[in-house]
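So the structure is just underneath, and the comments pick up after that.
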Amino acid sequence: MIRNNTTQLAPNFQFSQSSLQDYVECKRRFQLRYIERVAWPAVQAQPILEHEARLANGQAFHRLVQQQLLGIPETRLTPVDDDLRRWWQAYLETRPADIEGRRYIEIALAATIADQRLVAQYDLVVITPQSAQIFDWKTSTHPEKPETTRRLFERMQTRVYRYLLVRAGADLNDGQSIAPEQVTMTYWFAETPEEPVHFAYNADQFAADERVLTSLITEIQMQELNSPWELTTQERTCAFCPYRSLCERGVEAGETQAGDEVEIELSTPGILDLDLDQIAEIPF
Amino acid sequence: MEFSTVQQGLIQAPLDRKIFVSGPAGAGKTTAGVGRLQWLLANRVPAQSILVLTPQRTLAFPYDTARHMPQLRPGGTVNLATIGALARRMADLFWPLAAEEAGFTHPDTRPIFLTLETAQYFMARIVGPLVEEQGYFESIAIDRNRLYSQIIDNLNKAAVVGFAITDIAPRLKSAWVGEKAQLRIYDEAQDCAIRFRHYCLEHNLLDFSLQLEIFVKHLWTEPLCRNYLLEQYPNLIVDNLEEDTPVAHEILQDWLPHTTSALLIYDEGGGHRSFLGADPVSAATLASLCDERLHFSASFVVTEPINALAKALEKAISPQKATEGQGREKAAVTQGSSLRSALHYDLHRFHPEMLDWAADTIAELVHHKGVPPAEIAVLSPFLSDALRFAMSNRLEQRDIAVRSQRPSRALREEPAAQALLTLAALAHPEWGSCPSRHDVATTLTCVIEALDLVRAQLLTDILYRTKGSCPRLEPFAGLKTEVQQRITYLLGGRYEALRLWLEHYNEAPSTELDHCLSRLFGEILSQPGYRFHQDYHAARVAANLIESVQKFRWIAGALPGEKPPAQEYVELVRDGVMAAQYIRDWEADQADAVLLAPAFTFLMSNRPVEVQFWLNVGSAGWWERLYQPLTHPHVLSRHWQAGRLWLDSDEVAARQETLDRLTQGLLRRCRHALYLGLSELGEDGYEQQGALLMAIQRVLRENHGT
Chain A
1 MIRNNTTQLA
11 PNFQFSQSSL
21 QDYVECKRRF
31 QLRYIERVAW
41 PAVQAQPILE
51 HEARLANGQA
61 FHRLVQQQLL
71 GIPETRLTPV
81 DDDLRRWWQA
91 YLETRPADIE
101 GRRYIEIALA
111 ATIADQRLVA
121 QYDLVVITPQ
131 SAQIFDWKTS
141 THPEKPETTR
151 RLFERMQTRV
161 YRYLLVRAGA
171 DLNDGQSIAP
181 EQVTMTYWFA
191 ETPEEPVHFA
201 YNADQFAADE
211 RVLTSLITEI
221 QMQELNSPWE
231 LTTQERTCAF
241 CPYRSLCERG
251 VEAGETQAGD
261 EVEIELSTPG
271 ILDLDLDQIA
281 EIPF
Chain B
285 MEFSTVQQGL
295 IQAPLDRKIF
305 VSGPAGAGKT
315 TAGVGRLQWL
325 LANRVPAQSI
335 LVLTPQRTLA
345 FPYDTARHMP
355 QLRPGGTVNL
365 ATIGALARRM
375 ADLFWPLAAE
385 EAGFTHPDTR
395 PIFLTLETAQ
405 YFMARIVGPL
415 VEEQGYFESI
425 AIDRNRLYSQ
435 IIDNLNKAAV
445 VGFAITDIAP
455 RLKSAWVGEK
465 AQLRIYDEAQ
475 DCAIRFRHYC
485 LEHNLLDFSL
495 QLEIFVKHLW
505 TEPLCRNYLL
515 EQYPNLIVDN
525 LEEDTPVAHE
535 ILQDWLPHTT
545 SALLIYDEGG
555 GHRSFLGADP
565 VSAATLASLC
575 DERLHFSASF
585 VVTEPINALA
595 KALEKAISPQ
605 KATEGQGREK
615 AAVTQGSSLR
625 SALHYDLHRF
635 HPEMLDWAAD
645 TIAELVHHKG
655 VPPAEIAVLS
665 PFLSDALRFA
675 MSNRLEQRDI
685 AVRSQRPSRA
695 LREEPAAQAL
705 LTLAALAHPE
715 WGSCPSRHDV
725 ATTLTCVIEA
735 LDLVRAQLLT
745 DILYRTKGSC
755 PRLEPFAGLK
765 TEVQQRITYL
775 LGGRYEALRL
785 WLEHYNEAPS
795 TELDHCLSRL
805 FGEILSQPGY
815 RFHQDYHAAR
825 VAANLIESVQ
835 KFRWIAGALP
845 GEKPPAQEYV
855 ELVRDGVMAA
865 QYIRDWEADQ
875 ADAVLLAPAF
885 TFLMSNRPVE
895 VQFWLNVGSA
905 GWWERLYQPL
915 THPHVLSRHW
925 QAGRLWLDSD
935 EVAARQETLD
945 RLTQGLLRRC
955 RHALYLGLSE
965 LGEDGYEQQG
975 ALLMAIQRVL
985 RENHGT
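Which chain is which? The protein sequence lines are A and B, in order.
Residues in the first sequence are numbered consecutively from 1, following the numbering used here.
Residues in the second sequence are numbered consecutively from 285, following the numbering used here.
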């Protein structure tokens with residue numbers, strides 16, 4: 001039972017891998033971003049232009065792959081940026097998802113856990129009679145194994161994506177449930193296309209993920225509503241958090257290294273843009 | 285939730301049924317629509333196969349809440365969209381298949397999607413020289429931004445109604461009955477629209493009209509895109525069909541035969557967005573494509589007194605309509621006493637007195653009669669800053685939470701945005717743009733915690749220099765000791781840190797204004813000792829401004845002009861060419877508070893309340909069309925007969941229709957009581973005798989003594 005002075009999430013709130021990752025890394029960041037919805041436009045990482053370019057290129061690459069998977073002839077897909085061209089070439093040469101099966105591109109799945117909706121937006125899911133494969137495109141530079149593999153395995157994305165495909169994937173499989181053992185998740189790196197990282201799944205991991213996710217979401221709902229939540233003890237990460245001035249944990253944004261992963265918020269569960277609203281609001 | 289029998293019938297209809305449901309607002313259609321969505325999901329219709337279309341984002345909120353309910357089974361997610369959003373998404377995704385055919389000069393490079401703001405900016409680039417050098421539009425006195433926005437509106441009308449942009453002037457001219465000089469204006473407006481379109485095609489720019497045209501003409505007919513949509517979304521729910529445009533209806537007409545199930549919801553008496561191309565007539569034709577037509581007639585919202593008031597007001601505004609429905613008339617008259625139990629008013633001489641009365645009455649309702657604040661809506665035809673402030677202030681003084689909803693705000697009206705733009709000018713002395721002393725003092729007060737305007741003015745008077753059009757803040761240490769003490773060393777230190785930041789920044793300035801503002805915000809203004817540190821509203825304004833600058837840079841920066849985009853942005857905002865508008869976060873406004881909103885905005889949030897207050901009842905704004913010399917919503921609609929003249933009688937009829945539709949729409953969203961804010965003198969100090977006031981007077985006269 002949730003107490004009255006604990007967190008009440010908005011009726012249309014849904015948890016995602018990125019919001020849970022935020023909570024795991026810093027409870028206060030989660031509170032500011034998702035509960036209080038505080039817009040805080042400080043610089044996230046430096047050099048700003050490079051950071052911005054990497055985000056933009058990452059988005060452009062995801063779009064290119066999506067277009068190719070939808071059947072637009074490759075000859076008509078023409079990346080203009082150098083990085084993008086290189087990544088695209090790597091993708092075409094390795095064709096990481098070139099397998100027979102039903103493809104679900106940019107599909108979102110959701111399930112209720114601890115009385116809250118949890119959603120995941122997949123780059124690609126391929127269903128075959130034997131398997132259910134998740135593909136996630138990464139445009140970060142030069143992942144260094146084994147650290148990358150360990151970090152990826154620990155990320156909420158790996159946990160949430162595999163878990164939700166089992167919990168909510170039946171609709172993608174003619175109503176037949178998907179067993180954990182059928183699921184694999186592949187992180188494909190545009191910079192090192194020959195070294196994708198694969199994670200299998202099993203019933204024990206599924207049960208463990210359910211325990212962890214339930215516990216996390218319950219914990220979030222039990223947090224005190226009107227007081228600041230706990231700040232991260234890993235203060236060095238505050239340099240990459242835009243709320244650092246609000247929490248009085250630094251002034252300037254941290255410098256990203258070439259190999260750092262840049263998380264791209266591509267998850268747009270709806271396609272609800274504001275274009276028509278804007279038209280409605282011309283103050284003639 | 286419990287449903288009526290008729291709602292239940294709709295909700296539990298077979299999963300392959302296509303249903304058209306109509307009825308007045310408040311009859312439970314959207315509630316049934318949400319119920320139908322839940323029914324489909326509960327019966328194993330894959331969520332990702334369902335698309336909910338609404339003409340405006342706010343109208344989708346009930347579905348947005350429903351698609352996230354914890355009771356839903358695991359599966360995909362329901363998509364929500366507007367036709368405009370769908371068009372943009374498809375244009376983005378299938379661009380390589382449409383660009384060449386649509387006539388773009390560089391089909392191999394990515395499209396640039398324009399916001400309203402950036403469309404206005406490029407329109408300014410094209411139209412500005414024509415106005416200045418060739419005397420375009422010299423016979424009309426109108427702000428530049430309104431000039432540009434009306435040309436954009438003509439392009440949008442062509443797209444949503446479905447006619448060629450070369451038909452803009454012929455249509456407008458053929459209906460014009462006034463002075464011949466106006467005909468030239470229409471030709472010039474069309475010329476500007478065509479030039480703008482060519483410019484867009486040449487530079488891969490997609491404004492709203494072009495996005496929609498590409499979708500309708502090139503992508504909806506392209507098998508890959510069409511099949512993608514038809515296969516992805518075999519189940520459609522379309523709400524407020526009557527508020528959408530003829531082109532949207534044509535898409536649906538083509539889509540419906542391919543769907544497995546469909547629910548089309550049509551609000552009788554709607555069409556409030558007709559000035560944006562909404563077409564209830566074409567919406568109604570879609571009924572013939574459905575298996576079943578239902579009519580919901582009983583209102584779940586309106587009580588009998590409000591119903592009687594609505595009928596009486598309709599009769600007063602549109603007597604001919606009332607004559608058509610004479611059967612009802614007698615009943616309405618006998619309901620006079622019932623009507624008066626719902627209608628409350630008090631006449632005042634001055635506008636502030638009326639506001640005091642409204643605030644006192646609301647306080648009485650909330651504090652003594654148990655009406656929840658969220659069940660009260662205070663509405664007026666427009667919501668000026670002055671009215672918003674005056675009413676909010678009065679309610680807060682009476683310990684009543686208030687929220688104001690305006691669909692968009694000009695950022696330059698926000699003190700936090702003004703302060704940031706002033707600091708941007710100080711950080712870039714090379715622009716040669718010197719803020720006024722008043723602006724600098726106000727900015728210092730706005731950003732430095734505990735600094736009052738008197739001390740800010742003192743600082744500005746002594747330390748702000750504008751030598752050779754080069755603005756500069758001098759060091760705090762340069763002040764005499766007694767002045768330093770008067771300012772205080774604490775505040776002086778804060779001033780000095782800000783000044784040093786600007787100075788250091790200027791030694792190696794960023795080429796990007798949004799980066800400058802973002803750093804300034806994070807490194808100084810949101811640090812302890814500065815006002816943005818705890819001010820979430822100011823931070824939101826800053827975030828919106830920075831986003832606006834960033835979008836402008838991405839778009840305008842791709843096509844360099846005479847000045848750096850940063851400088852150009854600041855000057856355009858300052859000159860009012862760009863309003864730097866932002867969409868308010870409506871969802872953030874769900875608190876238990878009295879709503880203060882323009883009447884149209886309230887209608888488009890589609891949420892009934894117990895009590896409504898109509899302010900400025902005498903204002904002409906309730907029925908007058910805005911002055912739009914370059915465009916015409918009725919003449920450019922699909923139903924205007926070619927060659928017919930727009931006469932005064934048409935204008936009166938259109939106004940009457942608008943007022944009738946608006947008031948009926950409001951009353952259908954009011955449960956118990958309507959309070960009228962009447963003052964002899966309006967907000968501007970002039971006597972008010974608007975059409976709504978006259979109609980109300982007729983209602984009161986006719987129901988006196990019954």
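Glycine included, C-beta positions come from ideal geometry on N, C-alpha and C.
Remember, it's a predicted structure, so these values are computed and weren't measured experimentally.
Going along the region 791 to 809 of chain B in order, which residues come within less than 9 Å of chain A, judged by CB to CB distance?
-> S794, T795, E796, D798, H799, L801, S802, R803, F805, G806, E807, I808 and L809
Mind checking whether B:R953 and B:V901 have CB atoms under 8 Å apart?
-> no
For the beta strand (DSSP E) that A:Q133 lies in, which residues bound it at each end?
-> A132 to K138
Compute the Euclidean distance between the alpha carbons of B:G974 and B:A568, then round it to the nearest angstrom.
-> 33 Å
Taking just the CA atoms, how far does B:T338 sit from A:A280?
-> The predicted model places A:A280 with a pLDDT of 33, which falls under 50 and marks its position as unreliable; any figure quoted below should be read in that light. So the two alpha carbons sit approximately 13 Å from each other.
Member of B:G969, B:P507, B:R891 and B:Y853 whose CA lies at the smallest distance from the CA of B:T342 | B:R891
What's the gap between the Cα of B:D376 and the Cα of B:F499?
-> 10 Å
With 16 other CB atoms within 10 Å as the buried threshold, where does B:M407 fall?
-> buried
Take B:C509 and list the residues in its own chain whose beta-carbon comes closer than 6 Å to its own, dropping the five residues that flank it on each side.
-> M374, F378 and L503
Among all the DSSP beta bridges, which residues are the ones paired with A:T184?
-> A:Q133 and A:A200
Considering only residues of the same chain and omitting the five flanking positions on each side of A:A60, which have a CB-CB separation below 8 Å?
-> P79, D81 and L84
Using the rule of at least 16 other Cβ atoms within 10 Å of the residue's Cβ for burial, across every protein chain shown, is B:L299 buried or exposed?
-> exposed
What residue range is occupied by the uninterrupted alpha helix (DSSP H) comprising A:D83?
-> D82 to T94
For A:V160 and chain B, any beta-carbon pair shorter than 8 Å?
-> no
Is the CB-CB distance between B:P308 and B:E552 below 8 Å?
-> yes
Measure the Cβ-Cβ separation of B:I367 and B:S423 and say whether it is below 8 Å.
-> no
Is the shortest distance between the beta-carbon of B:A827 and the beta-carbons of chain A less than 8 Å?
-> yes
Around the C-beta of B:Y911, are 16 or more other C-beta atoms found within 10 angstroms, so that it is buried, or is it exposed?
-> exposed
Do we get a CB-CB distance below 8 Å when we pair A:L246 with the residues of chain B?
-> yes
Would you say B:I521 faces chain A, with C-beta separation under 8 Å as the test?
-> no
Any idea which residues DSSP pairs B:R749 with across the strands?
-> B:R756
Anyone know if the C-beta pair for B:Q537 and B:L514 falls short of 8 Å?
-> no
Starting from B:H579 and walking both ways along the beta strand (DSSP E), at which residues does that stretch end?
-> E576 to H579
Between A:T139, A:Q116, A:F135 and A:E219, which lies nearest to A:D98 when the distance is taken from Cα to Cα?
-> A:F135
What are the start and end residues of the alpha helix (DSSP H) that includes B:L494?
-> F492 to E497
Under 8 Å by beta carbon: chain B residues contacting A:G101 | Correct list: empty, because the minimum Cβ distance to chain B is about 17 Å.
Counting only beta-carbon atoms, is A:T192 nearer than 8 Å to chain B?
-> no
Name the residue from A:R76, A:A111 and A:R159 whose alpha carbon lies nearest to the alpha carbon of A:V24.
-> A:R159
Nearest chain B C-beta to A:Q14 closer than 8 Å, yes or no?
-> yes
Give the secondary structure of B:D475 by DSSP, where H, G and I count as helix, E and B as strand, and everything else as coil.
-> helix
Quick one: which residues of the region 374 to 390 of chain B get their C-beta closer than 8 Å to a C-beta of chain A? List them in chain order.
-> D376, L377, F378, P380 and L381
Is the distance from the Cβ of B:V854 to the Cβ of B:A709 below 8 Å?
-> yes
Taking the C-alpha atoms as reference points, what is the distance between A:T94 and A:E194?
-> 7 Å
Which residues does DSSP pair with B:H502 in a beta bridge?
-> The partner list for B:H502 (beta bridge, DSSP) is empty, contrary to what the question assumes.
Tell me, please, whether the CB atom of B:H817 is closer than 8 Å to any CB atom in chain A?
-> yes
Min CB distance B:R468 to chain A below 8 Å | no
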